[in-house]
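Worksheet: the structure to be examined is printed underneath.
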Amino acid sequence: MVPRFFVSARLRSSLKGCFAGCFVFVGANIYFGSERFYEEYIMPTLRYIDAEKVHNLSIQMVKYGFVPRMKSIDEPILHSTVWNRQFKNPIGLAAGFDKNGEAIDGLGKFGFGFIEIGTITPQPQPGNEKPRVFRLTEDRAVINRYGFNNDGYEAVRARLIDYRQRNSANKDKNKTRNK
Ligand SMILES: *[C@@H]1O[C@H](CO)[C@@H](O)[C@H](O)[C@H]1NC(C)=O
191 MVPRFFVSAR LRSSLKGCFA GCFVFVGANI YFGSERFYEE YIMPTLRYID AEKVHNLSIQ
251 MVKYGFVPRM KSIDEPILHS TVWNRQFKNP IGLAAGFDKN GEAIDGLGKF GFGFIEIGTI
311 TPQPQPGNEK PRVFRLTEDR AVINRYGFNN DGYEAVRARL IDYRQRNSAN KDKNKTRNK
């Protein structure tokens, strides 16, 4: 026999209200990117999911702009020049996170001085067998043996060209708007 649960209509409607409320609360926080919300709710929850899946998911989230809104600072004292290139600060994102250059726009919102994508190989390749990403929870670290899985030079090059075009188009728009 299937157990049945009798829930009064009143309780049911208040439960519905509660779910709707939670949904709106979670949605709004993800959308508006409260940094604390990511830290206290999103990150601890993600720990229960396979590390590589979370890596992929986080790339997708960043790609579509679901990023904690950081108070990124632009202090003249941090401006750096290396090899004739100007950086607004010396802290950058190392290769290995955005291996295929998919999330560059979103990563820009974190306030990094630079973003290194890749590693890219001339041809696409699948990398090592799974599992290949491991959490070191106690050390608050992750270790990976991806084996340079990536979409290959041509695909990533096309994405970079796209990124550059998008950004110069935006700059032009600002110029005409501000004159
Ligand atoms: C993560 O994404 C890559 C492609 O970008 C794919 O090859 C890999 O299988 C995905 N991993 C998981 C665990 O879904």
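If you count by our numbering, then the sequence shown holds residues 191 to 369, one letter each, in order.
Each residue gets a CB set at the ideal place from its N, CA and C atoms; glycine is no exception.
If you ignore the 5 residues before and after R356, its C-beta comes within less than 6 Å of no other C-beta in its own chain. Short of 6 Å from the beta carbon of F302, and not among the five residues preceding or following it, lie these beta carbons of its own chain, in chain order: G282, L283. DSSP places L268 outside any alpha helix (DSSP H), giving it a letter other than H or E. Here the region 248 to 264 makes contact with the region 211 to 227; the two share three or more CB pairs at distances below 8 Å. Beta-bridge annotation (DSSP): L283 is paired with I305. Following the DSSP letters along the chain, one finds A293 in no beta strand (DSSP E), marked with neither H nor E. A distance criterion of 6 Å places the beta-carbon of E242 in contact range of ligand 1, judged by its closest non-hydrogen atom.
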